[in-house]
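Count along the sequence shown from 1, then add 1236; that gives the number in our numbering.
Virtual Cβ for every residue (Gly too), placed ideally from N, Cα, C.
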Amino acid sequence: MEYERERSLLIRSLANQGVSDKTLKAMKKVPRHLFVPSIHISRAYVDSPLPIGHAQTISAPHMVAMMCDLLELEEGQKILEIGSGSGYNAAVMAEIIGQKGQIYSIERLEKLAVFAHDNLQKTGYSNVKVTLADGSLGLPDHAPYDRICVTASAPDTPKPLIEQLKPGGIMVLPEGEGYQHLYIIRKSLDGEVTKQDWGGVIFVPLVGYHGFKQYDSKRGHR
Ligand code: SAH
């Protein structure tokens, strides 16, 4: 299969970094080269972020792996993703949760929502639904969610996302501007919310109602 060798080398390097077998197995199946713009296809299996247009990026494979592991994904879960981008992160999560699970992914830029949708269609991930909306407000129609994965950095934890997390659920999100940290937010069965700092990361900013207003320029809409 095309790019299989490159993919295996990437998976081996992620295994050496301590990524779980469950996540490695999923990433071994997802063809990342079909989620990057064709001009970057030769770098699809390099462990780095890549531009996907509109000033946005597909996250580095090790970051996708870390988010999946921190979310403690299980078969059959219902997941909300904020920031569809290329659709790659959603595809990896979809591999883990399987056909009985469902992913709702929100993207605010129309061209990227179409890009993610098309990439997920052509690779066969029919249990991921991409919605064009402001993900900082969550997606109340299908709440509550077992897991919430935010792939853009927020100024603070958006309240609607905490509300839409199921008791017993886990949310992973980056927060901060420039200097960002990844946080794991857990809601206990009796509704108590705890927040754990996982350390420094780099993501594009979350914009929108509960996002950074200063990045909400027309630039991204072209
Ligand atoms: N998960 C993506 C990474 C995308 S980068 C992947 O695997 O490729 C983050 C994405 O978040 C960008 O596409 C950006 O447009 C989007 N984004 C930023 N703020 C948003 C918001 N309020 N709602 C939905 N998407 C948002």
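For this session: In the DSSP assignment, find the unbroken alpha helix (DSSP H) run with residue 1328 in it and report its ends.
Result: Reading the sequence shown from its first residue, position 92 is the one you call residue 1328. Its alpha helix (DSSP H) spans residues 1324-1333.
For this session: Would you decide whether residue 1241 is buried or exposed? Buried here means 16 or more other CB atoms lie within 10 Å of its CB.
Result: As a first step, residue 1241 must be located in the sequence shown, where it is residue number 5. Label assigned to residue 1241: exposed.
Exercise. For residue 1331 versus residue 1265, is the C-beta distance shorter than 9 Å?
Worked result: Numbered from its first residue, the sequence shown carries residue 1331 at position 95. Numbered from its first residue, the sequence shown carries residue 1265 at position 29. Yes. Within cutoff.
For this session: Return the chain-ordered list of same chain residues with a C-beta closer than 6 Å to the C-beta of residue 1367, the five sequence neighbours on each side being excluded.
Result: Taking the sequence shown and counting its residues from 1, one reaches residue 1367 at position 131. Correct list, in chain order: 1342.
Problem set entry | Residues that DSSP places opposite residue 1407 in a beta bridge | For the purposes of this step, residue 1407 is taken as the residue at position 171 of the sequence shown. Residue 1407 pairs with 1384 and 1421.
Problem set entry | Pair within 9 Å by beta-carbon distance, residue 1319 and residue 1386 | If you number the sequence shown from 1, residue 1319 lands on position 83. If you number the sequence shown from 1, residue 1386 lands on position 150. Closer than 9 Å, so yes.
Exercise. Got a sec? Which residues, its chain only, sit under 6 Å from residue 1361 by beta carbon, not counting five neighbours each side?
Worked result: Here the question's residue 1361 lines up with position 125 in the sequence shown. 1327 and 1330.
For this session: Give me the Cα-Cα distance between residue 1383 and residue 1401, rounded to the nearest whole angstrom.
Result: Your numbering for residue 1383 matches position 147 in the sequence shown. Your numbering for residue 1401 matches position 165 in the sequence shown. If I take the Cα positions, the gap works out to 7 Å.
For this session: Following the continuous beta strand (DSSP E) through residue 1433, name the residue where it begins and the one where it ends.
Result: The count along the sequence shown starts at 1 and reaches residue 1433 at position 197. Start and end: 1429-1437.
Exercise. With respect to 8 Å, is the separation between the Cβ of residue 1379 and the closest non-hydrogen atom of the ligand SAH below this value?
Worked result: Taking the first residue of the sequence shown as position 1, residue 1379 is located at position 143. No, the Cβ of residue 1379 stays beyond 8 Å of every heavy atom of the ligand SAH.
Exercise. Should residue 1442 be counted as a contact of the ligand SAH given a C-beta to heavy atom distance under 8 Å?
Worked result: Stepping through the sequence shown from its first residue, residue 1442 is reached at position 206. Residue 1442: yes, Cβ under 8 Å from the ligand SAH.
Exercise. Is residue 1418 near the ligand SAH, with its Cβ less than 8 Å from a heavy atom?
Worked result: By one-based count along the sequence shown, residue 1418 stands at place 182. Outside the cutoff, so no.
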